[in-house]
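I have placed the structure first, in the form of structure tokens, so that the comments after it can refer back to it.
There are 4 protein chains.
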Amino acid sequence: MTSVVFTEGRKFDLTAIGRLCIDLNANEINRPMEQTMTFTKYVGGSPANIAIGVSRLGRKTAFIGKIADDQMGRFIRGYLDKEGIETRNVVTDTTGAVTGLAFTEIKSPTECSILMYRDNVADLKLSPSEVDASLIADSKALLVSGTALAASPSREAVLLAVDYARRHGTKVVFDLDYRPYTWQSEEETAAYYNLVAEKSDIIVGTREEFDCMEKFEANPGHDDRITASKWFGYAAGIVIIKHGKEGSIAYSVDGQEHRARSFPAKVIKTFGAGDSYAAGFIHGLMSGWTIGKSMEFGSAAASIVISSHSCSDAMPTAAQVTDYIERCGRGEITAG
Amino acid sequence: MTSVVFTEGRKFDLTAIGRLCIDLNANEINRPMEQTMTFTKYVGGSPANIAIGVSRLGRKTAFIGKIADDQMGRFIRGYLDKEGIETRNVVTDTTGAVTGLAFTEIKSPTECSILMYRDNVADLKLSPSEVDASLIADSKALLVSGTALAASPSREAVLLAVDYARRHGTKVVFDLDYRPYTWQSEEETAAYYNLVAEKSDIIVGTREEFDCMEKFEANPGHDDRITASKWFGYAAGIVIIKHGKEGSIAYSVDGQEHRARSFPAKVIKTFGAGDSYAAGFIHGLMSGWTIGKSMEFGSAAASIVISSHSCSDAMPTAAQVTDYIERCGRGEITAG
Amino acid sequence: MTSVVFTEGRKFDLTAIGRLCIDLNANEINRPMEQTMTFTKYVGGSPANIAIGVSRLGRKTAFIGKIADDQMGRFIRGYLDKEGIETRNVVTDTTGAVTGLAFTEIKSPTECSILMYRDNVADLKLSPSEVDASLIADSKALLVSGTALAASPSREAVLLAVDYARRHGTKVVFDLDYRPYTWQSEEETAAYYNLVAEKSDIIVGTREEFDCMEKFEANPGHDDRITASKWFGYAAGIVIIKHGKEGSIAYSVDGQEHRARSFPAKVIKTFGAGDSYAAGFIHGLMSGWTIGKSMEFGSAAASIVISSHSCSDAMPTAAQVTDYIERCGRGEITAG
Amino acid sequence: MTSVVFTEGRKFDLTAIGRLCIDLNANEINRPMEQTMTFTKYVGGSPANIAIGVSRLGRKTAFIGKIADDQMGRFIRGYLDKEGIETRNVVTDTTGAVTGLAFTEIKSPTECSILMYRDNVADLKLSPSEVDASLIADSKALLVSGTALAASPSREAVLLAVDYARRHGTKVVFDLDYRPYTWQSEEETAAYYNLVAEKSDIIVGTREEFDCMEKFEANPGHDDRITASKWFGYAAGIVIIKHGKEGSIAYSVDGQEHRARSFPAKVIKTFGAGDSYAAGFIHGLMSGWTIGKSMEFGSAAASIVISSHSCSDAMPTAAQVTDYIERCGRGEITAG
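Chains as they are written, first to last, in our numbering: chain A, 30 to 365; chain B, 30 to 365; chain C, 30 to 365; chain D, 30 to 365.
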């Protein structure tokens, strides 16, 4: 599969840029959060989860981000260090910013929501001059999370990081990760998502996220193929459009269309599914697998995470994913 | 004791105005917060704690405040309702504000700190036109917490509430409760603290808090008597200056000075001591006790709270306080 | 007249605090501003005009304020110096603030409007620690303009200045000068106007301005006498309520009511009438004249200013006012 | 000359997007502004000046921008209408924004400065949804002024306008027009200037402005050729780098380098030189002239404007420029 070819011989497989925050997951689940009395703390944020996931799968990863100068920030740095993720470009804020929080509410396996604390958060204060170009030059791929584009100066830091990636032949993986809060308007979102997508090699998002990018375009039927084609006219090699339970479709620049089977799971909550999928898929591509096999691996990794209480902490190893696929094959795991 | 005489025959003993927030108390204590993995949720905020404390002591209370339109806000309203506190003037924010958070870190019984989330909080968005004058007119006393003066429009709401109190003969109890965050400058703090203190019947604060108010005054020796005298020239009947472990001194407008003994406690954390003391003291005064006896009752209530994991939830009933005083008298409780 | 007695033997008759800005007056008048091609520059701002007016009448004045670090700011300081006004407490901003501007539009003598530039203005950046208490202690009176209460930190600077005035026996003259822009809400305005009015010896404003202060009061008939009485319950000795063309009424704490005749004028524009009136009235009171005679003198000064192109630059000397009154008496000046 | 080929048969030659403001030019010149007493009002702002200049040269132009809902805004619209510029996409602000102001100070012909009012200005409030794609589709070229990128939502409106231009084959002329105020940081400026330059057909700026864009690049010698080459790798056909008195150099994608002679002038002030140069140059290119001849024409137009009191109002007709060139040729005009 040659739709996206990574430059070999680099020190890091993946450098992720963007959000580092704290998940506070309800311990008493299957009820509204008003009735939850205790919460467990985990590292969170989509790019953090993906970096942790890729690292668990045995790959060298690094992170570019900003943390608060408080106990939450120090917990995040300590956790990334423990996971073997390079944190020399994880900058500590000096302006009194706080760590972003996400309290999860799990009313039922299919009815989950998040209560976010995103005012004055450290992750959005990463500035262009703090981005280490050498780290990007030393990586096969740069993972960009769309939420990091939501405000200045993080927005400009990401735009510069993408620029560095293109200059150094580092592939750009753009995970749309659209969260309405922190954005001022849909027009603003569309403007910046398009600027980054134009320079990305791999673009991953839900149908709704791609619709959001196409606010000023003509795609009235929300046609996946029209969406993907646009980006093949720029830099993209692979465009993945996710349709929730109906599964995902990957389009590649060679005109192919790829689908992968999904795996059963005893679902606790749906959070983290996308992040573990992305981690597994990137691992597959970097391993030289076909797009189809990479998608399948990502899919199995996602099933493991949604069967667990946390996102970051539940990211599986390659052996665990392989084992899960085999057990599903033997019918040992069924939906619950 | 006639330094402050409450108007009898009113529907409510106390209406508190100001902060309603959430405490997230570390479950694993005696360690830095970086190592704390789970937290338990409680209603928090100094005026909330005092209202809950006074209610537990058997008195009719009400609250004037603003909560976020989210699960945390609904939890707060539900808890106040359950405690029998009138919440008809607890307004729900419609601007997307969040609930203030306080994560507690308990390294040791004497080394405690708080990690605050105070950006864009609902409690500071209470506006003057939302203050219900009839609730204040129906109360013996209005409890004002200084933190509610930290930003507009909550600041103006409190100034108006104090104005209503004076027009209706409702006594104003001003708990300085100074928290540096959210204030722009010390000059700003001094300006507003003085404006409210000039119209207060009872003023309670630490020596440091009174120093803060006297920024533009001449009291170089930080003399308690000079501090108290100033306010007797305005509306005050009682001024209580707290000196931490050295205990508190209450000055009354009749020239008297009152001290109360303290009680032993097996201290878990020091948070909430001031709030339970205030609740107990107000209950005593309203019961017609002497200032000395009221202080003693407050002191015992404080010892109960600092021996517990929470602030609000640990507020004792009158029977519990009396029992605690008796057990201390019998030597059954010793410092731990 | 003893409703307000000034302390004699002070270095300054009047210190004004608040707005220093620039008026840009249309040279081509009696047309909409769209058709005005050139503008003439003058020092402006209500308290600046009053200080200049009182100085022209032969009295020692000083100013407490803040100017931008630009050509407009330097022009203002130079003009005040030239007028003999003490400017040692006119602070130069260092944050990049600009000088407030007021472009006047004179469609006809009775149809005038102002286009204001009030974003990021230097005058509202005066902070409490910049207020020189000794200047206030050395003055017979402190003139406070309500607009200076519209934003922090100027708001707190004024509150502190009033506090200094009361401590030092300096009379507080409060010119309501309400301008809707820069205020967040009517509730906010009412809150701060009341706080300053409670501590003022002389309060001057239009009926509409007093209504604005009484937002949370019961004065449905907008009765001047009820309005004045409230303030006699605080510190006020004189309350002047202006009714535009119907003239002004001054109420004094001794229960008297005073009206003064007005003078004819060949009106160019109405701007500056209130400021010259205030300057003349203060001069009269300080000269030991009756309230009635002081009002008459203010009224004549106002007629001179509205017959001229500027406000500040047209402020008359005592000889000019006396001469104007005499010429009116001889029928030499008629309305035009 | 085929480095940039405009699509023929379009209704408008040029649509400009960005700043519409007011110049207040000192009438008493050759002195510091402190001593200037009167000012004359003109329409101003770089893209406004260029649009007016191109219109005066006989071409159809349109404007995309936002004006304040006040007398200054209405004056601007009226002036553009009078000049025959299409204003249907000049939107009136509804949020209380003001018109940007520029007071000029002319100490000597070579010592000029500007005092700007740029807080809360209407021009920076233009939003993406207000940009009329059909106007851009109907134009040969879109003129973008860099200052419009300084803040949201104007920034996103410009990014979208450029996107529309590229989709419709409308050439993008990017006038860097860098003004430090209103930008948060140099990094921010570099990020957005690069994003627009990547999509521009013609880029015009001073050496300092190009340095500003190259903040994260390696061009230590500030080499014009390196600068120009970068943009030929994107969409640019012509890059013009201005070196003040040393003249300008135009680089074209065919590898050529062009310089033009300059013309003498009796200089009153230097403001407006760049705008009239741009207008003349665009007119030349659109007339099918060589780059050299177009530069010469722009240069003569600039000499006319700097010999006059205003910028916009002094923009010459084609006949005036031709006449000026001829008179210079006959030695009738010499530097003064």
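All residues carry an ideal CB built from backbone N, CA and C; glycine is no exception.
Would you list the residues sitting across from residue i in a DSSP beta bridge?
i: Y353 (chain B); result: According to DSSP, Y353 (chain B) bridges with nothing at all.
i: A170 (chain B); result: B:L43, B:K200
i: V127 (chain C); result: C:V150
Please list, in chain order, the chain B residues whose beta carbon lies closer than 7 Å to that of residue i.
i: F104 (chain A); result: E63
i: F203 (chain C); result: Per Cβ cutoff of 7 Å: no residues; F203 (chain C) is ~16 Å from chain B at best.
i: N59 (chain A); result: Within chain B, no residue comes near N59 (chain A); the closest Cβ sits about 15 Å away, beyond 7 Å.
Whole angstroms is fine: what's the gap from residue i's alpha carbon to residue j's?
i: L43 (chain C); j: N223 (chain B); result: 26 Å
i: M30 (chain C); j: K200 (chain C); result: Here M30 (chain C) scores only 47 on pLDDT, less than 50, and its place in the model is too uncertain to base an answer on.
i: N54 (chain C); j: M145 (chain D); result: 19 Å
i: F203 (chain D); j: I58 (chain C); result: 41 Å
i: A330 (chain A); j: Q285 (chain A); result: 24 Å
i: D240 (chain A); j: G250 (chain A); result: 10 Å
i: P138 (chain B); j: L109 (chain B); result: 28 Å
i: Y263 (chain B); j: D148 (chain D); result: 43 Å
i: V83 (chain C); j: K298 (chain C); result: 21 Å
i: L155 (chain B); j: L178 (chain B); result: 11 Å
i: K244 (chain B); j: A80 (chain C); result: 30 Å
i: K111 (chain A); j: L130 (chain A); result: 21 Å
i: I96 (chain A); j: I114 (chain A); result: 15 Å
i: R288 (chain C); j: M324 (chain C); result: 8 Å
i: P157 (chain C); j: A180 (chain B); result: 17 Å
i: S168 (chain C); j: A126 (chain C); result: 29 Å
i: E355 (chain A); j: L153 (chain B); result: 56 Å
So, is residue i buried or exposed, given that buried needs 16 or more other C-beta atoms within 10 angstroms?
i: A247 (chain D); result: exposed
i: N78 (chain A); result: buried
i: H272 (chain B); result: exposed
i: T116 (chain C); result: buried
i: S281 (chain B); result: buried
i: D283 (chain D); result: exposed
i: G38 (chain A); result: exposed
i: Y210 (chain A); result: exposed
i: S163 (chain C); result: exposed
i: V191 (chain B); result: buried
i: M62 (chain C); result: buried
i: T36 (chain D); result: exposed
Mapping the DSSP letters down to three states, classify residue i as helix, strand or coil.
i: C50 (chain A); result: strand
i: M30 (chain C); result: With a pLDDT of 47 at M30 (chain C), under the threshold of 50, the modelled position of that residue is not reliable, and the figure given next carries that caveat. M30 (chain C): coil per DSSP, three-state reduction.
i: M62 (chain B); result: helix
i: V233 (chain B); result: strand
i: H287 (chain B); result: strand
i: E185 (chain A); result: helix
i: F245 (chain B); result: coil
i: T346 (chain A); result: coil
So residue i contacts chain C; which residues on that side make the cut at Cβ distance below 8 Å?
i: M66 (chain D); result: T69, K70
If the cut is a Cβ gap below 7 Å, which residues of chain C does residue i touch?
i: D418 (chain D); result: The requested residue 418 (chain D) is not part of the displayed model; chain D covers only 30 to 365.
i: G107 (chain D); result: E63
i: L164 (chain B); result: Those within 7 Å of L164 (chain B) in chain C number zero; the least Cβ separation is about 15 Å.
Can you list the residues of chain D that residue i reaches, using a CB-CB cut of under 9 Å?
i: E112 (chain C); result: Going along chain D, no residue has its Cβ under 9 Å from E112 (chain C), so there is no contact; the nearest lies around 16 Å.
i: F292 (chain A); result: By Cβ distance, chain D contributes nothing, its closest Cβ being about 40 Å from F292 (chain A), past 9 Å.
Taking residue i as the query, report the chain D residues whose CB atoms sit under 8 Å from its CB, ordered along the chain.
i: S75 (chain A); result: Those do not exist, as S75 (chain A) stays about 23 Å from chain D at its closest Cβ, beyond 8 Å.
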